[in-house]
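> To start, I am sharing the structure in question, which I have written as structure tokens.
In mature numbering (1 follows the signal peptide of the UniProt record, and there is no 0), the protein residues as written are -18 to -1, 1 to 174.
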């Protein structure tokens, strides 16, 4: 009986989260990340076409989260090691989880550069859940759903994109970037 109750609860929660985001009819036209243009940290449009032929880790970031230090440190190490082989990191600040990213994009970039000597591709602050969720993040969740719910659970949820622009993996905030290096190496070995 507890199992049935759990499944019913999971269904109800999933239904409530999935109904909070309206389905965009244009979403069907989006097949890869290359179909999107997002706002850069300077507010200017950036076509994700710039990542064509690259392997990309896309992550929602926050400066005041318990996962901040370990994730930025490991993402920097991984990007430094594999940059010449085609690995990129796309960081999207988000303040939806505990208000842990209250700063503006300039302050966020300075924080990451000063504290971690790291300059990932930093984009404008986004909402990743809810009706005002960024269209790109709706796409990521559609391509790689989460456990029980497709909603982003917390800061530092990571999506991995192959050289053809397809979202192939999703990792929970608790997953260390070092824990999926083998997957990154495998994707880097593939041709575009």
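The beta carbon of each residue, even a glycine, is placed where N, CA and C say it ideally should be.
1. Buried or exposed: residue 139, going by 16 or more other Cβ atoms within 10 Å of its Cβ?
2. Taking only runs of the beta strand (DSSP E) that begin and end inside the segment 26 to 56, which ones reach a length of at least 3 residues, in chain order?
3. Just to check my reading of the structure: residue 137 and residue 44 have Cβ atoms closer than 8 Å, yes? What is that Cβ distance to the nearest angstrom?
4. To the nearest angstrom, how far is the alpha carbon of residue -3 from that of residue 77?
5. When the Cα atoms are used, what is the spatial distance from residue 109 to residue 80?
6. State the beta-bridge partners of residue 103 as determined by DSSP.
7. So, at 8 Å on beta carbons, what are the nonlocal neighbours of residue 166 in its own chain, with the 5 sequence-adjacent residues on each side left out?
8. For residue 169, which residues from the same chain have a beta carbon less than 6 Å from its beta carbon, with the 5 sequence-adjacent residues on both sides left out?
Let me spell this out:
1. buried
2. 27 to 29, 37 to 43
3. 4 Å
4. Residue confidence for residue -3 is low, a pLDDT of 36 falling below 50, so the modelled location carries little weight; the figure read from the coordinates is stated next. Cα to Cα, residue -3 sits roughly 21 Å from residue 77.
5. 13 Å
6. 72
7. 37, 39, 60, 64, 69, 142
8. 37, 144
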